[in-house]
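What follows is a single structure, written as structure tokens, with notes after it.
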Amino acid sequence: MYTGLGTRPEKAVGKSSRRGAFNGTVIALGMTSFFSDISSEMVAAVIPIFLTVQLGFSPAAFGLFQAAYELANALLRLVGGVIADRTRRPKETAAFGYGLSTLTRVGLVGSAVASLPAVPFLLADRLGKGLRTGPRDAMISLATPEPAWGTAFGFHRTLDATGALLGPLLAFGILWALPGSYDAVFLFSVGFGLLGFAVIMTWVRNPVAAVPASTTPMSMSIRSHWHNRGFRRILLLGGAFGLFSIGDSFAYLVIFEASKDSDAIGLSGIGIRWFPLLFAGTAVAFLLTATPLGRLADKIGRARVWIVGQLCLAAVYGVLILEPTSVLAIAAVLGLLGLHYGATDGVLPALAAGVIPEHQRSGGLALLTTVVALARMSSALAFGLIWHRIGVDSALSVALCGIVASVVVVTALAVLRESPNEVAS
Amino acid sequence: MTNPVDLPDDEPSIEIETAPEPDGEQTSPSTASFALLALALVVLAGGAAYFIGSIVSAKEETEAAQARAEEELELFDPRDFVNEFGTEPPSSLPLVDDSVPTEESSDAGDSTTSTTSSPRTAPRPDVDPAQIALAFVNRVPGDEYGLVGYIDPNGERHITELECSRLDLNEAGGICLSATAGLGGSGRGLLLDAGLNPSLRFGVNLPSRAAVSPDGSVVAWTGFSLGHSYLNPGEFATTTQLISVERSIGANLEQVFTTYRDDEVVTDVDSNFWGVTFVDGDHFYATLGTGDGTSIVEGRVSNSRMDVVVENATCPEVSPDGRTIVAKERRGDSMQLIAIDVETGVRRDLGETRSVEDQVEWADEDTVLYALPNLEDGTDAQPVFDVWALDVAPGSSPRMIIPFADSPAA
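First to last, the protein sequences are chains F and U.
Residues in the first sequence are numbered from 797 upward in steps of one, following our numbering.
Residues in the second sequence are numbered from 197 upward in steps of one, following our numbering.
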């Protein structure tokens, strides 16, 4: 079932198992993501300031833009997955996504230099990002033997997160050296985007499918995913836990507010000044743990590692409830958040890939990330509402209890009947 | 790095060792791919070249602007301000000529014990408060851009080493805000004594407004913050904090104070406060912004309460006698300076026709100062402002009083 690459599938199987997780396709896709993430995160980091300060967006317009931005991403993810499955060309689909995003940044250079409208380009950028996600994850699973999926996804996420960390650093470095030089930021972004595009075009090849391309319409393929019992279980799992995932920004905001309420003006200053460092701290913890935890997942069972990752998130909420004003507590929150992502972000697709038939994998993995993203979005909304109406501790307690209850239920179900989630144990 | 031809069947292991990419195909990863790779590198190199070029040209532009500014400053009589507003009469108007260098730190440090042992967090200008007729933020492009300057009683312009983007100062103390470079949207604030020496450092958002009460017991700052509203992540909003100087305790206006409009609590989620002005250490005014518009609130620190007193106005600045507020009223895209009689609430336009972004500063009982952008002399990175003076009496017109300066503090 696990065909490798190239023209001789039966040969490639042997090769792939020897290469394990670190095969050419995974490395190339990882490097593509690395460069593209430098490119896109450079832009994402400066966009709030660029739109509001440079182009004079009102807060309301900016909020609307944010919503459209995320929606464009979520919708096109499904489309990208289905197209990749139907054409059996995940590489071209993904490459089109990377190329489209890069092209939009050429437009952004235009916005910075000649005040072209920036918003259409930014939305098209998200469309591109949506298109490539599903096919990319499918190719990782198709190029790697099943026992090494966790490691392969973990390795890819490490490169991905490294790029996402370097991008903002680079962008702020440029703006620090030459304030207002958004054109230079966007130009570098185009360069890195092109580099990512070139890597995928040059070193990634379409997997050879054992089954012919699917010709079912989009609604049918989503329905067929639903009829797939094993996958449905994972969709429910990802969605349910996503509902209790409040998102990093809220976690940082809790830290920020807690240090502000302590009423010492020195602390409130530290809170604001160190805010960007919170993002960086989590990213470092994530990229350091993604590969080893993926490997661990391959050894002891992906579902187990994934559950432990959720418990890390529960621990984050616990620390947040106990007022994270000390440096140690803040470090614990960042470390645990990073661990949570390391144990879940790559492990979930590795878990799901085993139960999605090869010819539906791009669409299936895209559906999974979309479900998780939608669940997280509604969770953020609910969390914000509860925080606003009742209080932050209640909101955190609800999320904490939600996770713990879900873990108990899932574990109980898994013990009661041989769970197919334990793919690799 | 690639295998343009198919590998022989008996050599797979060699390929594994040497080639990181997947095994070959009949069609090679074509020259087009490599052209793409080359293009990417060319764009990156071009970006780097453009970036370095921009830095160089920005430097040249700054130098040119600096030279221009110095020329223009020569033409401007610095005694104008003191002749008009100097509290102590310029006892013996010396014949000021261009040969006077800025030696203020050595000759002015007589009133305070000149302690230069302070940690290198911020410079201690150690200026004799009697020497400061008016303090401002220097806007001459170049290295001294953004440093605090002051006009002495002789009308001489001095520049200190203290960096501020927004300043307020009086005989009792001061506050200085500056944006920290790099990771956007943050800044630092300093409490100052009357001689511009920092005594306490605190964090702020992107600096916007600063005020110190006449007795120096309370200061206020306003900064722009990102993602302040829980419901709309990513929004811009303002934060305003009052700081008790003695107790080093801050109070966020939005969180600690309760605001009333006609004795009903204002519970607008979008409410923001900015631009505080003090009558004394307890009594103050500020701007309240809601979804509907802006209004002026009157507050008391002692009872943590603010009341809406004026609608449709922003950025109040109360006169030293407490009788008049100069504020701004929106007229389309323009902000019109207005005077509001505190007792009667009667408002009238001042004689400034240009739109004013600044919150004004009172120079004496009947004149306000404010900065306006000077679009001709600045650069992108170092925009220039001039300080203008305007009599609040009807029929007056504005005069430029201190060129290349911002954030006047009298």
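For every residue, glycine included, the Cβ atom is placed at its ideal position computed from N, Cα and C.
Residue i to residue j span [Cα, whole Å]
i, j, result
"U:A245", "U:R496", "56 Å"
"U:P337", "F:V1194", "55 Å"
"U:V588", "U:R544", "10 Å"
"F:Y865", "U:T454", "36 Å"
"U:R320", "U:Q327", "15 Å"
"U:S593", "U:G547", "5 Å"
"U:E513", "F:L1164", "57 Å"
"F:S836", "F:F830", "10 Å"
"F:G1026", "U:T483", "59 Å"
"U:E340", "U:E266", "12 Å"
"F:P1120", "F:A1110", "15 Å"
"U:D464", "U:W470", "15 Å"
"U:A523", "F:P916", "39 Å"
"F:E1053", "F:R884", "49 Å"
"F:A920", "F:N869", "9 Å"
Option in the options with minimal Cα separation from residue i
i, options, result
"F:I845", "F:G1138, F:A1139 and F:A914", "F:A914"
"U:E149", "U:G477, U:T463, U:T434 and U:T454", "Examination of residue 149 of chain U is not possible in this model, given that chain U is present from 197 through 606 alone."
"F:A1148", "F:G1180, F:L1181, F:F917 and F:L1033", "F:L1033"
"F:Y894", "F:G816, F:D833 and F:P1088", "F:D833"
"F:R1100", "F:A960, F:L923, F:W972 and F:L1144", "F:L1144"
"F:A1191", "F:G1198, F:R1019, F:L1039 and F:F1179", "F:F1179"
"U:V538", "U:A329, U:P594, U:E507 and U:D464", "U:E507"
"F:I823", "F:T900, F:T940 and F:V902", "F:T940"
"U:L269", "U:E561, U:S603, U:D582 and U:A234", "U:D582"
"U:T356", "U:P604, U:G369 and U:V333", "U:V333"
"F:G969", "F:D956, F:D1189, F:T958 and F:F984", "F:F984"
"F:L904", "F:K1095, F:R1185, F:D1141 and F:A840", "F:A840"
"U:R526", "U:R519, U:G518, U:C511 and U:D517", "U:C511"
"F:V981", "F:A908, F:K925 and F:V1129", "F:A908"
"F:I936", "F:R1019, F:P1003 and F:T958", "F:P1003"
"U:D517", "U:Q555, U:A559 and U:Q437", "U:A559"
"U:I598", "U:L237, U:G591, U:A236 and U:E280", "U:E280"
"F:A1169", "F:L874, F:T821 and F:C1197", "F:L874"
"U:V239", "F:G1142, F:V986 and F:F951", "F:V986"
Whole-angstrom C-beta distance between residue j and residue i, which should lie under 8 Å
i, j, result
"F:G1090", "F:T947", "5 Å"
"F:V1203", "F:L1107", "6 Å"
"F:F861", "F:L847", "7 Å"
"U:N468", "U:G485", "4 Å"
"F:G1159", "F:V878", "5 Å"
"F:A1139", "F:V1104", "6 Å"
"U:R550", "U:L571", "Not really, about 12 Å apart at Cβ, beyond 8 Å."
"U:S491", "U:A509", "7 Å"
"F:G906", "F:L899", "Not quite, the Cβ-Cβ distance comes to about 11 Å (not below 8 Å), so this is no contact."
"U:A406", "U:L373", "5 Å"
Alpha helix (DSSP H) segment containing residue i, residue limits
i, result
"F:T1121", "First-last for F:T1121: undefined, no H or E at that position."
"F:A890", "P886 to A910"
"F:Y978", "Y978 to W999"
"U:E539", "Per DSSP, U:E539 belongs to no alpha helix (DSSP H) and is neither H nor E."
"F:A824", "G820 to I845"
"F:F1040", "Careful: F:F1040 lies outside any alpha helix (DSSP H) and carries neither H nor E."
"U:L449", "L449 to V452"
"F:A1195", "V1188 to L1212"
beta-carbon residue i near the ligand GTP non-hydrogen atom, thresh 7 Å
i, result
"U:C372", "You won't find the ligand GTP in this model; it holds no ligand whatsoever."
Continuous beta strand (DSSP E) stretch holding residue i: start and end
i, result
"F:D956", "Premise fails: F:D956 lies in the alpha helix (DSSP H), W945 to A973, not in any beta strand (DSSP E)."
"U:Y566", "T563 to N570"
"F:P1153", "Looking at the DSSP string, F:P1153 is not in any beta strand (DSSP E), and its letter there is neither H nor E."
"U:D545", "R543 to D545"
"U:P579", "No beta strand (DSSP E) holds U:P579; DSSP gives it neither H nor E."
"U:D273", "Taken as a continuous stretch (DSSP letters only), U:D273 belongs to no beta strand (DSSP E), as it is neither H nor E."
"U:D619", "What is shown of chain U runs 197 to 606, which leaves residue 619 of chain U out entirely."
"U:E525", "T520 to R527"
"F:S937", "Note, F:S937: premise wrong, no beta strand (DSSP E); alpha helix (DSSP H) at V915 to A939."
"U:V465", "No beta strand (DSSP E) contains U:V465, which DSSP labels as neither H nor E."
Below-8 Å beta-carbon distance, residue i vs any chain C residue
i, result
"F:A994", "Given the protein chain composition of this structure (F and U), no chain C is represented."
Handout entry: Cβ contact (3+ pairs, closer than 8 Å) linking the segment 271 to 280 of chain U and the segment 343 to 361 of chain U
Key = Enough Cβ pairs lie closer than 8 Å, so yes.
Practice task
Kindly confirm or deny that the segment 573 to 580 of chain U and the segment 229 to 245 of chain U touch, where touching means at least three C-beta pairs closer than 8 Å.
Solution key: no
Problem - Three-pair Cβ contact test at 8 Å for the segment 958 to 965 of chain F versus the segment 922 to 937 of chain F - result: Taking a cut-off of 8 Å on C-beta distances, the segment 958 to 965 of chain F does not touch the segment 922 to 937 of chain F, as fewer than three cross pairs fall below it.
Exercise for the section: Could you tell me whether the segment 1174 to 1189 of chain F touches the segment 985 to 1004 of chain F, using the rule of 3 or more Cβ pairs below 8 Å? Expected result: no
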